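Participant: Counting from 906, one number per residue, gives the positions in the sequence shown under our numbering.
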Amino acid sequence: MKFQVPCECGRRLAVSGARAGATLVCKCGLLVQVPGLRELRDAAPAAALERDADRKRPRPYPAELRPAGIILVGLAFVGTCLASHITRAVAETPENLAVGQVLISLAFYTLYIIGMMLWALGKGYSVWYGFLLMLLCPLGLIVLIFFPAREY
906 MKFQVPCECG RRLAVSGARA GATLVCKCGL LVQVPGLREL RDAAPAAALE RDADRKRPRP
966 YPAELRPAGI ILVGLAFVGT CLASHITRAV AETPENLAVG QVLISLAFYT LYIIGMMLWA
1026 LGKGYSVWYG FLLMLLCPLG LIVLIFFPAR EY
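1. Look at the alpha carbon of C931 and the alpha carbon of V920, and state the distance between them as a whole number of angstroms.
2. Would you decide whether Y1017 is buried or exposed? Buried here means 16 or more other CB atoms lie within 10 Å of its CB.
3. Could you give the first and the last residue of the continuous alpha helix (DSSP H) run that contains T998?
4. Hey, could you find the ends of the beta strand (DSSP E) L936 is sitting in?
5. Grab me the residues of C912's own chain with a C-beta within less than 7 Å of its C-beta, minus the 5 sequence neighbours each way, in chain order.
6. Against chain B, does P972 count as a neighbour if the rule is that its beta carbon must be under 9 Å from one of theirs?
7. Please report how far the alpha carbon of A951 lies from the alpha carbon of A927, in whole angstroms.
8. Do the region 1023 to 1043 and the region 970 to 989 make contact, defined as three or more Cβ pairs closer than 8 Å?
9. Grouping DSSP H, G and I as helix and E and B as strand, with all else coil, what is A1003?
10. Going straight from the alpha carbon of G941 to that of P972, what length do you get?
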């Protein structure tokens, strides 16, 4: 089994169990005393724990953003549908209908964008991955918002 022994210069020397108790020469020229086999075995799990701790990155954003993003995306979908029906019922002329639907669509699409970003960041994805999700997922929503059904 291989072990690592630290030198004062910062390098780590790879040592087998057969070299326990020996003295080695580091590349920097310093003499390094290899501890006994028992000390080497006791130090090995600690080194493995240090490597595992170095691999884990803390989340840059809290996980509480995820439910907020899901709620905003849901509100965007429901709000777009309700606002579209209300606008059609209230609009007196086709021009008012078109302007109202465009403004409402933009407002709820903005809500959708914010929700998707919060959702992605809450899941631990990067900001760029959140942008990718935001651009690829709403294709059906874009069709519904900007190409509403025409009434003849």
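Think of the CB as a built atom: it goes at the ideal place given N, C-alpha and C, for glycine as much as any other residue. Just so we're clear, the structure is a prediction, and the values are computed from it rather than from any experiment.
Facilitator: The short version:
1. 12 Å
2. Of the other Cβ atoms in all chains shown, 16 or more fall within 10 Å of the Cβ of Y1017; this residue is therefore buried.
3. Counting along the chain, T998 falls outside any alpha helix (DSSP H), and DSSP gives it neither H nor E.
4. L936 to Q938
5. L918, C931, C933, L935 and V937
6. Judged by its chain identifiers, the structure shown contains no chain B, having just a single protein chain.
7. With a pLDDT of only 45 at A951, under the threshold of 50, the placement of this residue in the model should not be trusted, and no figure is reported.
8. Judged by Cβ distances under 8 Å, the region 1023 to 1043 makes contact with the region 970 to 989, as three or more pairs qualify.
9. helix
10. Each residue's alpha carbon lies about 54 Å from the other.
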